[in-house]
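What follows is a set of notes on a single structure, which appears directly below.
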Amino acid sequence: MSIFDMGEYNFYVWTSVFISSLALFLAYYDALRKHKDVVEMIKNRNQTE
Amino acid sequence: MGLKAIYKYGSPPNFYRFVTRLEPWCLYFGLLLILIGSAGGLFIAPEDYQMGDAFRIIYFHVPSAYLSMSAYAAMGFASIIGIVWRSNVAFSVAKSIAPFGALMTTIALLTGMLWGKPMWGTAWVWDARLTSEFILLLLYLGYITLHASIREQKKADRSASLVAILGIINLPIIHYSVVWWNTLHQASTISKLDSPSIVGEMLWPLLVMITGYMFFFVAVICRASSAEVLKREKRSNWVKEI
Amino acid sequence: MMFSSFFASLLSMQNMFKADFQNGTIEQLLLSKKSFVGLIFTKTLAFWLFTSLPLILVSGLIATIYFVTGKDILIIQMTLFLSTMTMININAFTAAITLGIRYPGALMTLIITPITLPILIFGSKAIENSILGLDISGPLYFLTGMMMLSLFLGPWITASALKISMD
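Chains as they are written, first to last, in our numbering: chain A, 1 to 49; chain B, 1001 to 1242; chain C, 2001 to 2167.
In structure tokens, the structure reads:
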């Protein structure tokens, strides 16, 4: 059976892959955004001083 | 590493520098491992004799479950360090772990449900392991909410840490739930003492995935805790030089 | 057939019973408390005396309505006794930790549930087993263990939580 055509299991396996990658992606980009926000805020403060 | 090294990295500027340098390595290495593991698990590993292709979910379910527990252990440990040494850095790390851990727990539960539905006919059952993993999710959420509800920083840290530390007791319950009780969830296939009850070609992608997830976890924590440390120290001198 | 439906309703009633009780305690503990460990212990004990003890006694009566027989009534009361002790300590801790937050209700539930779930599970298992005639020592040991643990650690942890919240 090809991996892309497992019959009824297809949906479940690929959904799992999808949500797992989504979660990993979200986790990292959330951390990245937090970091960017803080750095932005600090730069602004430095400039206004 | 001597105690001195811990003190050295315990100070915010050193921590920040260390963590910022560490992160890219962990990130790329982790992603690489995850890619390799996924390829191995999805394409190379042979079909399971009992479960057909659906078992491939294991390559995503197990790493997230494993990580949900280790992240909580790390969070508890960081909380203890934070309380004992009154370390802002430790509390930052603990606070950063929580959302990631909660996400991992949710994924573990969801992939578990996606596996359970076609495999055993039911998406959920209140057996010992599933229930205790659900409890873990609640613990994470409680931690995050508590931290967010208390306005004063130090108080929030310490109160939330208490919850984190109390919750550590749940970890052995989750781990041994399949040993102590009759559960729908299957018993461990990998243990420290016995040889694994799973064949080589199926095993290596799993190990690679778990390792990849761990490195990725470290990378995310690096980024998140460095942001948190920056935020807490925003008035001090070393921050101005970033 | 009749027996199985009867058992089913009885078992679900037990769970409801416990959940109700748990929420009642939360509201009662939303008072401000300033005490040290010993005082906390006494206070929690006093709370238990006023809230749980009547409940345990009444539960015997209620159980009779559900046709529960003699020995089982005792088991139910014993289980309630053990679990209420534990739950009071847990609720005290949660109240202490959420002191000073407005509308702590939802938060308290969120924190309490994961810690109390095992108690609920073992409690109902004990009652269930007793009614079905199975061995009850397992769940009872666990409940007793949890009770001992929470009796000794509870006041201390609640005191720490209070100190943190009071700063």
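Glycine is no exception: its CB is placed at the ideal position from the N, C-alpha and C atoms.
Computed from a predicted structure; not experimentally measured.
Give the straight-line distance between the Cα atoms of Val13 of chain A and Ala1054 of chain B, rounded to the nearest whole angstrom. Translated into positions along the first sequence, residue 13 of chain A becomes position 13. Translated into positions along the second sequence, residue 1054 of chain B becomes position 54. Looking at the two C-alpha atoms, the distance is approximately 6 Å.
Along the chain, where does the alpha helix (DSSP H) that runs through Lys1240 of chain B open and close? Position 240 of the second sequence, counted from the first residue, corresponds to residue 1240 of chain B. Taken as a continuous stretch (DSSP letters only), the alpha helix (DSSP H) holding Lys1240 of chain B covers Asn1237 to Lys1240.
Take Ile2090 of chain C as the anchor and find which of C:Phe2152, C:Ser2165 and C:Lys2163 has the nearest alpha-carbon. The sequence position of residue 2090 of chain C within the third sequence is 90, counting from 1. Here the closest residue by C-alpha is C:Phe2152.
Kindly list the residues whose CB is nearer than 6 Å to the CB of Trp1129 of chain B, restricted to its own chain and excluding five residues on each side of it in sequence; keep chain order. One-based indexing of the second sequence puts residue 1129 of chain B at position 129. According to the sequence displayed, residue 1129 of chain B carries Arg and not Trp. Same-chain partners within the cutoff: Ser1177, Val1178, Thr1183 and His1185.
Of the residues that make up the region 1162 to 1187 of chain B, which ones have a beta carbon closer than 8 Å to any beta carbon in chain C? Leu1162, Val1163, Leu1166, Gly1167, Asn1170 and Ile1173
Should Ser988 of chain B and Ser21 of chain A be called a contact, given that it needs their Cβ atoms to be closer than 8 Å? As shown, chain B starts at 1001 and ends at 1242. That puts residue 988 of chain B outside it, with no answer to give.
Test: Val1019 of chain B CB closer than 8 Å to a CB of chain A: Taking the second sequence and counting its residues from 1, one reaches residue 1019 of chain B at position 19. It does not: the Cβ of Val1019 of chain B has no partner Cβ on chain A nearer than 8 Å.
Determine the direct distance from the alpha carbon of Ser1161 of chain B to that of Ile1081 of chain B, and round the result to whole angstroms. The residue given as residue 1081 of chain B occupies position 81 in the second sequence. The residue given as residue 1161 of chain B occupies position 161 in the second sequence. Cα-Cα distance, rounded: 10 Å.
Residues of chain C with CB under 7 Å from Lys1240 of chain B, in chain order? Indexing the second sequence from 1 puts residue 1240 of chain B at position 240. Going along chain C, no residue has its Cβ under 7 Å from Lys1240 of chain B, so there is no contact; the nearest lies around 30 Å.
Check the Cβ-Cβ distances between Ser1236 of chain B and every residue of chain A, and say whether any is below 8 Å. Numbered from 1 along the second sequence, position 236 holds the residue referred to as residue 1236 of chain B. Ser1236 of chain B does not count as touching chain A.
Chain A within 8 Å of Arg1086 of chain B, Cβ atoms only: For the purposes of this step, residue 1086 of chain B is taken as residue 86 along the second sequence, with counting starting at 1. Not an interface residue.
Since Arg1056 of chain B meets chain A, which of its residues come closer than 7 Å, beta carbon to beta carbon? Reading the second sequence from its first residue, position 56 is the one you call residue 1056 of chain B. Here the neighbours are Val13.
Report the residues of the region 2056 to 2082 of chain C with a CB closer than 7 Å to any CB of chain B, ordered along the chain. none
At the level of alpha carbons, what is the spacing between Ile2097 of chain C and Lys1117 of chain B? Taking the third sequence and counting its residues from 1, one reaches residue 2097 of chain C at position 97. Taking the second sequence and counting its residues from 1, one reaches residue 1117 of chain B at position 117. Each residue's Cα considered, the two are about 39 Å apart.
Measuring CB to CB, does Ser1087 of chain B end up less than 8 Å from Gly1010 of chain B? Taking the second sequence and counting its residues from 1, one reaches residue 1087 of chain B at position 87. Taking the second sequence and counting its residues from 1, one reaches residue 1010 of chain B at position 10. Result yes, Cβ atoms of Ser1087 of chain B and Gly1010 of chain B sit closer than 8 Å.
Where Met2147 of chain C and Thr2086 of chain C are concerned, what is the direct C-alpha to C-alpha distance, given to the nearest angstrom? Within the third sequence, residue 2147 of chain C is the residue found at index 147, counting from 1. Within the third sequence, residue 2086 of chain C is the residue found at index 86, counting from 1. Rounded to the nearest angstrom, the two C-alpha atoms are 5 Å apart.
Report the CB separation of Met2108 of chain C from Ala2092 of chain C in whole angstroms; it is logged as a contact under 8 Å. Here the question's residue 2108 of chain C lines up with position 108 in the third sequence. Here the question's residue 2092 of chain C lines up with position 92 in the third sequence. Met2108 of chain C to Ala2092 of chain C, Cβ: 11 Å. No contact.
Gly1030 of chain B and Phe1215 of chain B: beta carbons closer than 8 Å? Residue numbering aside, residue 1030 of chain B sits at position 30 when the second sequence is read from its first letter. Residue numbering aside, residue 1215 of chain B sits at position 215 when the second sequence is read from its first letter. Against a cut-off of 8 Å, the Cβ pair of Phe1215 of chain B and Gly1030 of chain B comes out as a contact.
Could you tell me the distance, in whole angstroms, from the CA atom of Gly1142 of chain B to the CA atom of Leu2110 of chain C? To locate residue 1142 of chain B, count along the second sequence from 1; it is residue 142. To locate residue 2110 of chain C, count along the third sequence from 1; it is residue 110. Approximately 5 Å, taken between the alpha carbons.
What did DSSP end up calling Ala1045 of chain B once you bin it into helix, strand or coil? Within the second sequence, the letter at position 45 stands for residue 1045 of chain B. Residue state, collapsed to three classes: coil.
Who are the near neighbours of Ala1078 of chain B in its chain, counting only those whose CB is closer than 6 Å to its CB and skipping five residues on each side? For the purposes of this step, residue 1078 of chain B is taken as residue 78 along the second sequence, with counting starting at 1. Correct list, in chain order: Ala1090, Val1093 and Ala1094.
Rounded to a whole number of angstroms, what is the C-alpha to C-alpha distance between Tyr1028 of chain B and Ile1210 of chain B? As a working mapping, residue 1028 of chain B is identified with position 28 in the second sequence. As a working mapping, residue 1210 of chain B is identified with position 210 in the second sequence. About 15 Å.
At least 3 beta-carbon pairs within less than 8 Å: the region 2073 to 2087 of chain C vs the region 2128 to 2148 of chain C: yes
Unbroken alpha helix (DSSP H) run spanning Ser1087 of chain B, endpoints: Here the question's residue 1087 of chain B lines up with position 87 in the second sequence. No alpha helix (DSSP H) holds Ser1087 of chain B; DSSP gives it neither H nor E.
Count the other CB atoms within 10 Å of the CB of Ser2032 of chain C; is the residue buried (16 or more) or exposed (fewer)? For the purposes of this step, residue 2032 of chain C is taken as the residue at position 32 of the third sequence. Residue confidence for Ser2032 of chain C is low, a pLDDT of 47 falling below 50, so the modelled location carries little weight; the figure read from the coordinates is stated next. Exposed.
Glu1152 of chain B - DSSP class collapsed to helix/strand/coil: By one-based count along the second sequence, residue 1152 of chain B stands at place 152. Glu1152 of chain B: coil per DSSP, three-state reduction.
Cross-chain neighbours of Asn46 of chain A in chain B, by beta carbon under 8 Å: Sequence index remark: in the first sequence, residue 46 of chain A carries index 46 (1-based). Here the neighbours are Lys1240.
Provide the residue span of the alpha helix (DSSP H) that contains Arg33 of chain A, from first to last. The residue labelled residue 33 of chain A in the question sits at position 33 within the first sequence. Start and end: Tyr9 to Thr48.
Return no unless some Cβ of chain B is closer than 8 Å to the Cβ of Ile2111 of chain C. Numbered from its first residue, the third sequence carries residue 2111 of chain C at position 111. Output row for Ile2111 of chain C: interface = yes.
Measure the Cβ-Cβ separation of Gly1112 of chain B and Ser1068 of chain B and say whether it is below 8 Å. Position 112 of the second sequence holds residue 1112 of chain B. Position 68 of the second sequence holds residue 1068 of chain B. Going by C-beta atoms, Gly1112 of chain B is not nearer than 8 Å to Ser1068 of chain B.
DSSP three-state call for Ile1081 of chain B: helix, strand or coil? Here residue 1081 of chain B refers to the residue found at position 81 when the second sequence is read from its first residue. Looking at Ile1081 of chain B - three-state DSSP - the assignment turns out to be helix.
Using the three-state DSSP reduction, which class does Ser1092 of chain B fall into: helix, strand or coil? The residue you call residue 1092 of chain B lines up with position 92 of the second sequence. Here Ser1092 of chain B sits in helix by DSSP.
Buried or exposed by the 16-neighbour rule on C-beta atoms within 10 Å, applied to Gly2183 of chain C: Residue 2183 of chain C is absent from the model: chain C starts at 2001 and stops at 2167.
If I measure Cβ to Cβ from Thr2079 of chain C and keep anything under 7 Å in the same chain, skipping five residues before and after, which residues do I get? Numbered from its first residue, the third sequence carries residue 2079 of chain C at position 79. Correct list, in chain order: Gly2123, Ala2126, Ile2127 and Leu2143.
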